[in-house]
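Peer 1: Supplied in C-alpha coordinates, the structure appears directly below.
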Amino acid sequence: MKYSLIIPIYNEIGTLPSLLKKLGNLDDNIEIIIVDDGSNDGSKNLLIKYEKLIIVRNESNLGKGLSIRKGIDLATNENIILMDGDLEIDIEDIPRLINIFENKNIDVLTGVRWKKLGKTKFDINIFGNYLINGLFNLVYNSNFSDVLCCVKILNRNQFKSLSIQSNGFSIEVETMAKIKLRNLHILEVQVKYKRRTAKEGKKLKLTDSWVIISTIMKMKFFKK
1 MKYSLIIPIY NEIGTLPSLL KKLGNLDDNI EIIIVDDGSN DGSKNLLIKY EKLIIVRNES
61 NLGKGLSIRK GIDLATNENI ILMDGDLEID IEDIPRLINI FENKNIDVLT GVRWKKLGKT
121 KFDINIFGNY LINGLFNLVY NSNFSDVLCC VKILNRNQFK SLSIQSNGFS IEVETMAKIK
181 LRNLHILEVQ VKYKRRTAKE GKKLKLTDSW VIISTIMKMK FFKK
(Lines of atoms letter the chains of each structure in order from A and count residues from 1; the text may use other names and numbers.)
(Lines give C-alpha, C1' and ligand atoms only; values in the text may rest on other atoms or scores of the structure.)
Protein backbone atom coordinates (compact mmCIF):
# COMPACT_ATOMS: atom_id res chain seq x y z
CA MET A 1 0.00 0.00 0.00
CA LYS A 2 1.07 3.58 -0.62
CA TYR A 3 0.34 6.53 1.62
CA SER A 4 0.05 10.30 1.48
CA LEU A 5 0.78 12.02 4.81
CA ILE A 6 -1.08 15.32 5.20
CA ILE A 7 0.08 17.76 7.86
CA PRO A 8 -1.53 21.19 8.38
CA ILE A 9 0.61 23.75 10.21
CA TYR A 10 0.13 27.28 11.45
CA ASN A 11 2.95 29.29 13.09
CA GLU A 12 4.98 26.25 14.14
CA ILE A 13 8.45 27.72 13.64
CA GLY A 14 9.46 26.41 17.07
CA THR A 15 8.75 22.77 16.24
CA LEU A 16 9.20 22.88 12.45
CA PRO A 17 12.93 22.00 12.35
CA SER A 18 12.33 18.89 14.49
CA LEU A 19 9.24 17.99 12.45
CA LEU A 20 11.12 18.22 9.17
CA LYS A 21 13.99 16.13 10.54
CA LYS A 22 11.58 13.38 11.65
CA LEU A 23 9.76 13.48 8.31
CA GLY A 24 13.10 12.97 6.58
CA ASN A 25 13.43 9.61 8.33
CA LEU A 26 10.18 8.25 6.92
CA ASP A 27 10.01 5.79 4.05
CA ASP A 28 10.53 7.49 0.69
CA ASN A 29 7.33 5.88 -0.58
CA ILE A 30 5.27 8.09 1.75
CA GLU A 31 4.12 11.21 -0.05
CA ILE A 32 4.37 14.14 2.39
CA ILE A 33 2.08 17.14 1.96
CA ILE A 34 2.43 20.09 4.33
CA VAL A 35 -0.26 22.75 4.17
CA ASP A 36 0.94 26.02 5.69
CA ASP A 37 -2.24 27.77 6.80
CA GLY A 38 -1.01 31.34 6.39
CA SER A 39 1.84 31.25 8.92
CA ASN A 40 3.48 34.61 9.62
CA ASP A 41 6.32 33.46 11.86
CA GLY A 42 8.93 32.54 9.25
CA SER A 43 7.67 29.01 8.60
CA LYS A 44 7.28 29.79 4.89
CA ASN A 45 10.97 30.62 4.45
CA LEU A 46 12.01 27.40 6.17
CA LEU A 47 9.64 25.18 4.21
CA ILE A 48 10.73 26.34 0.76
CA LYS A 49 14.14 24.73 1.35
CA TYR A 50 12.62 21.24 1.37
CA GLU A 51 12.11 20.29 -2.27
CA LYS A 52 11.18 16.65 -1.55
CA LEU A 53 8.03 17.73 0.27
CA ILE A 54 4.84 19.00 -1.34
CA ILE A 55 4.30 22.41 0.24
CA VAL A 56 0.99 24.23 -0.08
CA ARG A 57 0.45 27.68 1.36
CA ASN A 58 -2.76 29.49 2.21
CA GLU A 59 -2.27 33.22 1.90
CA SER A 60 -4.32 33.74 5.06
CA ASN A 61 -5.30 31.61 8.06
CA LEU A 62 -8.26 29.64 6.65
CA GLY A 63 -8.48 26.86 9.23
CA LYS A 64 -7.26 23.34 9.92
CA GLY A 65 -10.21 21.63 8.26
CA LEU A 66 -9.93 23.54 5.01
CA SER A 67 -6.17 22.94 4.97
CA ILE A 68 -6.62 19.19 5.37
CA ARG A 69 -9.23 19.12 2.62
CA LYS A 70 -6.86 20.98 0.33
CA GLY A 71 -4.08 18.49 1.11
CA ILE A 72 -6.33 15.53 0.39
CA ASP A 73 -7.27 16.99 -2.99
CA LEU A 74 -3.55 16.99 -3.85
CA ALA A 75 -2.81 13.49 -2.53
CA THR A 76 -1.98 10.90 -5.18
CA ASN A 77 -1.67 7.69 -3.15
CA GLU A 78 -4.48 5.28 -2.30
CA ASN A 79 -4.39 5.84 1.47
CA ILE A 80 -4.00 8.97 3.56
CA ILE A 81 -2.48 9.61 6.96
CA LEU A 82 -3.68 12.66 8.88
CA MET A 83 -1.49 14.11 11.61
CA ASP A 84 -0.83 17.55 13.09
CA GLY A 85 2.56 19.23 12.79
CA ASP A 86 2.93 20.38 16.39
CA LEU A 87 4.76 17.20 17.49
CA GLU A 88 2.28 16.47 20.26
CA ILE A 89 1.94 13.17 18.42
CA ASP A 90 5.26 11.49 17.63
CA ILE A 91 5.92 11.28 13.87
CA GLU A 92 8.09 8.24 14.57
CA ASP A 93 4.88 6.35 15.41
CA ILE A 94 3.82 6.34 11.75
CA PRO A 95 5.52 3.06 10.64
CA ARG A 96 3.91 1.24 13.58
CA LEU A 97 0.48 2.67 12.77
CA ILE A 98 0.82 1.73 9.10
CA ASN A 99 1.74 -1.81 10.08
CA ILE A 100 -1.38 -2.09 12.24
CA PHE A 101 -3.59 -0.62 9.50
CA GLU A 102 -2.28 -3.12 6.96
CA ASN A 103 -2.53 -6.16 9.19
CA LYS A 104 -5.97 -5.63 10.68
CA ASN A 105 -9.22 -6.00 8.80
CA ILE A 106 -10.29 -2.39 9.30
CA ASP A 107 -11.49 0.60 7.29
CA VAL A 108 -10.15 3.33 9.56
CA LEU A 109 -7.37 3.63 12.12
CA THR A 110 -7.76 6.48 14.59
CA GLY A 111 -5.42 7.52 17.37
CA VAL A 112 -6.03 7.65 21.11
CA ARG A 113 -3.95 10.02 23.21
CA TRP A 114 -5.10 8.69 26.59
CA LYS A 115 -7.26 5.90 27.96
CA LYS A 116 -8.48 7.03 31.36
CA LEU A 117 -8.84 10.48 32.90
CA GLY A 118 -7.43 9.25 36.19
CA LYS A 119 -4.11 8.41 34.53
CA THR A 120 -3.71 11.94 33.20
CA LYS A 121 -2.72 15.04 35.18
CA PHE A 122 -5.84 17.19 35.52
CA ASP A 123 -6.11 20.10 33.12
CA ILE A 124 -9.20 22.07 32.12
CA ASN A 125 -8.53 21.44 28.41
CA ILE A 126 -8.10 17.71 28.93
CA PHE A 127 -11.28 17.68 30.99
CA GLY A 128 -13.02 19.50 28.13
CA ASN A 129 -11.81 16.79 25.75
CA TYR A 130 -13.44 14.16 27.93
CA LEU A 131 -16.71 16.06 28.09
CA ILE A 132 -16.83 16.43 24.31
CA ASN A 133 -15.88 12.77 23.88
CA GLY A 134 -18.64 11.76 26.28
CA LEU A 135 -21.20 13.88 24.44
CA PHE A 136 -20.18 12.33 21.13
CA ASN A 137 -20.56 8.81 22.51
CA LEU A 138 -23.95 9.66 23.98
CA VAL A 139 -25.26 11.15 20.73
CA TYR A 140 -23.87 8.43 18.45
CA ASN A 141 -24.25 5.46 20.79
CA SER A 142 -20.52 4.76 20.49
CA ASN A 143 -17.67 4.06 22.88
CA PHE A 144 -14.73 5.96 21.41
CA SER A 145 -11.89 7.00 23.68
CA ASP A 146 -10.68 10.14 21.91
CA VAL A 147 -12.74 11.55 19.02
CA LEU A 148 -10.64 14.73 18.94
CA CYS A 149 -7.36 12.96 18.19
CA CYS A 150 -5.84 14.23 14.94
CA VAL A 151 -4.36 10.87 13.87
CA LYS A 152 -6.23 8.91 11.21
CA ILE A 153 -5.41 6.46 8.43
CA LEU A 154 -7.95 5.52 5.78
CA ASN A 155 -8.49 5.14 2.07
CA ARG A 156 -8.29 8.46 0.20
CA ASN A 157 -11.39 7.91 -1.92
CA GLN A 158 -13.32 6.78 1.13
CA PHE A 159 -12.39 9.99 2.94
CA LYS A 160 -13.36 12.14 -0.04
CA SER A 161 -16.72 10.38 -0.19
CA LEU A 162 -17.48 11.70 3.31
CA SER A 163 -17.83 15.21 1.81
CA ILE A 164 -16.27 16.92 4.82
CA GLN A 165 -17.35 20.56 5.18
CA SER A 166 -15.60 21.75 8.35
CA ASN A 167 -13.02 24.50 7.96
CA GLY A 168 -11.68 24.49 11.51
CA PHE A 169 -10.93 22.11 14.38
CA SER A 170 -14.40 20.58 14.12
CA ILE A 171 -13.12 18.49 11.22
CA GLU A 172 -12.18 15.80 13.77
CA VAL A 173 -15.72 15.23 15.05
CA GLU A 174 -17.32 15.66 11.63
CA THR A 175 -15.04 12.96 10.25
CA MET A 176 -15.68 10.61 13.17
CA ALA A 177 -19.44 11.21 13.00
CA LYS A 178 -19.66 10.42 9.30
CA ILE A 179 -17.44 7.36 9.69
CA LYS A 180 -19.64 6.12 12.53
CA LEU A 181 -22.88 6.79 10.62
CA ARG A 182 -21.56 4.69 7.74
CA ASN A 183 -20.76 1.82 10.11
CA LEU A 184 -17.17 1.62 8.92
CA HIS A 185 -14.85 -0.67 10.87
CA ILE A 186 -12.77 1.60 13.11
CA LEU A 187 -9.80 0.58 15.24
CA GLU A 188 -8.51 2.89 17.98
CA VAL A 189 -4.77 2.70 18.58
CA GLN A 190 -2.77 4.30 21.38
CA VAL A 191 -0.28 6.89 20.10
CA LYS A 192 2.70 8.53 21.75
CA TYR A 193 1.45 11.87 23.01
CA LYS A 194 3.16 14.85 24.64
CA ARG A 195 0.68 17.61 25.33
CA ARG A 196 1.73 21.25 25.12
CA THR A 197 0.20 24.34 26.71
CA ALA A 198 -1.22 27.50 25.14
CA LYS A 199 2.05 29.21 26.05
CA GLU A 200 3.90 26.57 24.07
CA GLY A 201 1.66 27.05 21.04
CA LYS A 202 -1.58 25.16 21.72
CA LYS A 203 -4.21 26.79 19.48
CA LEU A 204 -7.55 25.19 20.40
CA LYS A 205 -9.71 27.76 22.21
CA LEU A 206 -12.99 27.73 24.13
CA THR A 207 -14.80 29.23 21.14
CA ASP A 208 -13.64 26.26 19.06
CA SER A 209 -15.30 23.95 21.58
CA TRP A 210 -18.73 25.45 20.88
CA VAL A 211 -18.27 24.90 17.14
CA ILE A 212 -17.17 21.31 17.81
CA ILE A 213 -20.24 20.65 19.97
CA SER A 214 -22.59 22.15 17.40
CA THR A 215 -20.98 20.01 14.69
CA ILE A 216 -21.57 16.86 16.76
CA MET A 217 -25.27 17.68 16.99
CA LYS A 218 -25.62 18.86 13.40
CA MET A 219 -24.06 15.71 11.90
CA LYS A 220 -26.50 13.55 13.85
CA PHE A 221 -29.77 15.48 13.74
CA PHE A 222 -29.52 17.92 10.84
CA LYS A 223 -27.53 15.98 8.24
CA LYS A 224 -28.75 16.17 4.67
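Those letters in the sequence shown? Residues 1 to 224, by the numbering used here.
Every residue gets a Cβ at the ideal spot worked out from N, C-alpha and C, and that includes glycine.
DSSP on V211, reduced to helix/strand/coil?
Peer 2: Helix at V211.
Peer 1: List the endpoints of the continuous beta strand (DSSP E) containing K70.
Peer 2: First-last for K70: 64-74, but that is the alpha helix (DSSP H), not the beta strand (DSSP E).
Peer 1: By a C-beta neighbour count over all protein chains shown, 10 Å radius and 16 as the cutoff for buried, is I81 buried or exposed?
Peer 2: buried
Peer 1: Taking the C-alpha atoms as reference points, what is the distance between L20 and E102?
Peer 2: 25 Å
Peer 1: Tell me, please, whether the region 69-77 touches the region 150-164 by the rule of three or more beta-carbon pairs shorter than 8 Å.
Peer 2: yes
Peer 1: Thinking just about the alpha-carbon of each residue, which of T215, T207, V189 is nearest to the one in I104?
Peer 2: Checking the sequence, you will find Lys at residue 104 rather than Ile. When only C-alpha atoms are compared, the closest one is V189.
Peer 1: Can you give me the start and stop residues for the beta strand (DSSP E) that I91 sits inside?
Peer 2: Annotation: I91 is outside any beta strand (DSSP E) and is labelled neither H nor E by DSSP.
Peer 1: Determine the burial state of D86: buried for a count of at least 16 other Cβ atoms within 10 Å of its Cβ, exposed for fewer.
Peer 2: Answer is buried; the Cβ neighbour count reaches 16.
Peer 1: Can you name, in chain order, every residue of its own chain whose Cβ lies under 7 Å from the Cβ of N143, other than the five neighbours on each side?
Peer 2: N137
Peer 1: Quick test of the definition: if touching needs 3 or more C-beta pairs under 8 Å, does the region 91-101 touch the region 173-183?
Peer 2: At 8 Å Cβ cutoff, the stretches do not touch.
Peer 1: What residues in its chain sit with their C-beta under 6 Å from that of G63, if we drop five residues either side in the sequence?
Peer 2: N167, G168
Peer 1: Would you decide whether K52 is buried or exposed? Buried here means 16 or more other CB atoms lie within 10 Å of its CB.
Peer 2: exposed
Peer 1: Nearest to C150 by CA position, among R113, S163, L181, is which residue?
Peer 2: R113
Peer 1: Can you tell me the Cα-Cα spacing of I55 and L23, whole angstroms?
Peer 2: 13 Å
Peer 1: Hey, how far is the Cα of G118 from the Cα of E59?
Peer 2: Since pLDDT at G118 reaches only 49, below the 50 mark, its modelled position is unreliable, and no value is offered.
Peer 1: Give the secondary structure of R113 by DSSP, where H, G and I count as helix, E and B as strand, and everything else as coil.
Peer 2: coil
Peer 1: Should M1 be labelled buried (16 or more other beta-carbon atoms within 10 Å of its own) or exposed?
Peer 2: exposed
Peer 1: Within this structure, are the beta carbons of L187 and I89 separated by less than 8 Å?
Peer 2: no
Peer 1: Going straight from the alpha carbon of L154 to that of I171, what length do you get?
Peer 2: Spanning the two alpha carbons is a distance of roughly 15 Å.
Peer 1: Thinking just about the alpha-carbon of each residue, which of S209, I9, G14 is nearest to the one in I33?
Peer 2: I9
Peer 1: Consult DSSP for S18 and reduce its assignment to one of helix, strand or coil.
Peer 2: helix
Peer 1: Name the residue from N133, Y140, E78, I126 whose alpha carbon lies nearest to the alpha carbon of R182.
Peer 2: Y140
Peer 1: Under 8 Å Cβ to Cβ from L26, same chain only, skipping five residues before and after it: list those, please.
Peer 2: L5, I32, I91, I94, P95
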